[in-house]
Structure formats: structure tokens, C-alpha cells
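One structure below.
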Amino acid sequence: MKFSQLLYDNVQEIWEKTHHHPFINGLGAGNLSVEYFIRYMKQDYIFLIDYAKLFAFASAKATDLETMGAFAKLLNETLHGEMELHRQYAAKFSITNEQLVATRATPINLAYTRYMLTVAQNGSLAELVSALLPCMWSYWEIGKMLVANYPGSDEHPLYGEWIRMYSSEEFGSLATWLIDLLDKLTEGKPKRELQELEQHFLTTSRYEYMFWNMVYKGDDWPV
Ligand SMILES: Cc1ncc(CO)c(N)n1
Numbered sequence: 001m002k003f004s005q006l007l008y009d010n011v012q013e014i015w016e017k018t019h020h021h022p023f024i025n026g027l028g029a030g031n032l033s034v035e036y037f038i039r040y041m042k043q044d045y046i047f048l049i050d051y052a053k054l055f056a057f058a059s060a061k062a063t064d065l066e067t068m069g070a071f072a073k074l075l076n077e078t079l080h081g082e083m084e085l086h087r088q089y090a091a092k093f094s095i096t097n098e099q100l101v102a103t104r105a106t107p108i109n110l111a112y113t114r115y116m117l118t119v120a121q122n123g124s125l126a127e128l129v130s131a132l133l134p135c136m137w138s139y140w141e142i143g144k145m146l147v148a149n150y151p152g153s154d155e156h157p158l159y160g161e162w163i164r165m166y167s168s169e170e171f172g173s174l175a176t177w178l179i180d181l182l183d184k185l186t187e188g189k190p191k192r193e194l195q196e197l198e199q200h201f202l203t204t205s206r207y208e209y210m211f212w213n214m215v216y217k218g219d220d221w222p223v
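What the sequence shown shows, in UniProt numbering, is residues 1 to 223, in sequence order.
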């Protein structure tokens, strides 16, 4: 069995629960409160700044030029593709770029990004990829699930664009590339090392769920 299949099986329950979360259902059904979506968009924007940095770390840790270039491309895509989607949404709600970057991270957002940045700074490339893979992979799964289970959701005037981005073949091919890379990086690795990677993947899958739940509930600093 491929290592990525083992990772997938380990988190099936968590991802399944995410697919049934009211925030995700609201996106699919098109009746998610705009207030909640704005909350998500702002938190996700600052999340993506740190997420982009992970690709810079990965590029530096790569041992061949092709991998180095692929991570540089991902860094670029995040800054100018994915974050542009957020900037366009923000503009619709009259939120300026200055206001977007000034968003204060909630405890869960901060904990999630600190976790990944710590792995990025101290861990191997395989560790880093294991920690960041649930971001890309779980979003692609959500995108595909929404298109399959909520026909026409990708045409929704507000949420359609979001769904089209994350269900797109282009996004899927980036996720697939990362999955394949991790399978290559882990070939022949001892069980003890693999278990550490499984733990990273499980932890950030949990954080992904918690991120959705946080923006739905409006969790923030209590004081
Ligand atoms: C929290 C989070 N995880 C993953 C993605 C996908 O890149 C995103 N935009 N935000």
C-alpha cells in the first residue's frame, strides 16, 4: 500500500466529518451566512501568508532543481492565485487589502500555522510535506464532494467561484503532485519515521476541521 493511502485511511473519519460540517454544507447548498463567509475569508487570508512561507521552506529543503522549482511555483500560485481569490471576495464586501492583512489570527489559526512553521523550520522535507498536505488534499476533496453532491453549487453567484477553484483540475493536479512527492520521499523509510509523519498528517487534518468549526462558531480570543 502506498504511504499516502495509509494517511488517507487514517483520517477518513475526520475528513468525512468535515464534509458534513454545517459550514461546508452551507457552501454547497448556497445558504451559508455571508457573515460567516467573510469571517472565514479574513482568517484564511492571513493563514495563507504563513502557508505560502511553508512552500519557501520546502523549496529551500528540496534536493533537486525540479522539486525546488515546483515549490517555488506553489509559492507563487498561493500568493497570486489563491490569495487573489480572497482579495476579490474581500473587494466585494468593501474590505481593503490593508484591512485583510491586519486581521488578527484566532487561537486556532495561530496554533495551526505555528505548528506547521515549527515543522518547516525543524523537520525534514518529508515531515513538512506530511504536515501541509492535508491543507491542499482536504480542500480538493471538499471541492470535488461539493460538485458531486450539490449539483449547480459551482454556479452559485457568491460561493461558485470558491467551489470552482478548489474542485478544478489545476488545483487537483497540484494536490496529486504533492501526494506523489510524499510517496517518493517515504519509500523505504523505517516505520518509526513514518509514524512521525502520520502524526503530522493527523494533527493538521484535525486543525483543518477545527478551522472550519472555528469560523462557523466565531471562536476567538476570550479577552
Ligand atoms: C485553512 C486552509 N487550509 C487549506 C487551504 C487550501 O489551500 C486553505 N486555503 N485554507
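Ideal Cβ placement from N, Cα and C applies to all residues, glycine included. Just so we're clear, the structure is a prediction, and the values are computed from it rather than from any experiment.
Option in 54, 99, 61 and 157 with minimal Cα separation from residue 28: 157
Residue 226 CB to nearest heavy atom of ligand 1 below 7 Å: Outside the displayed span of the chain (1 to 223) sits residue 226, for which this structure offers no information.
Residue span of the alpha helix (DSSP H) that contains residue 200, given as start and end: 191 to 217
beta-carbon residue 44 near ligand 1 non-hydrogen atom, thresh 7 Å: yes
Assumed close pair residue 47, residue 118 - CB separation to whole angstroms, cut-off 8 Å: The Cβ separation is near 15 Å, so there is no contact.
Proximity below 8 Å, CB of residue 166 to CB of residue 140: yes
Secondary structure, alpha helix (DSSP H): runs of 4+ residues fully inside the stretch 29 to 90: 34 to 61 and 65 to 77
Delimiting residues of the alpha helix (DSSP H) encompassing residue 141: 125 to 149
Cβ-heavy atom distance, residue 136 to ligand 1, below 7 Å: yes
Backbone secondary structure at residue 104 - three-state DSSP: coil
Under 8 Å between C-beta atoms of residue 67 and residue 181: yes
Length of the line joining the Cα atoms of residue 184 and residue 96: 42 Å
Contact set for residue 7: own chain, Cβ-Cβ below 6 Å, skip 5 residues either direction: 201
Enclosing alpha helix (DSSP H) for residue 158 [first to last residue]: Segment: none, residue 158 is in no alpha helix (DSSP H) and carries neither H nor E.
Endpoints, alpha helix (DSSP H) assigned at residue 176: 169 to 185
Cβ neighbours of residue 150 in the same chain (closer than 6 Å, five flanking residues each side left out): 28
Cβ-based neighbour list, residue 218, same chain, cut-off 6 Å, excluding 5 preceding and 5 following: none
Environment of residue 9 [buried if 16+ CB atoms lie within 10 Å]: exposed
Residue environment, residue 215, which counts as buried when at least 16 other CB atoms sit within 10 Å: buried
For residue 163 and residue 22, the rounded distance between their alpha carbons: 16 Å
When 98, 142, 2 and 125 are compared against residue 59, the one with the closest alpha-carbon: 125
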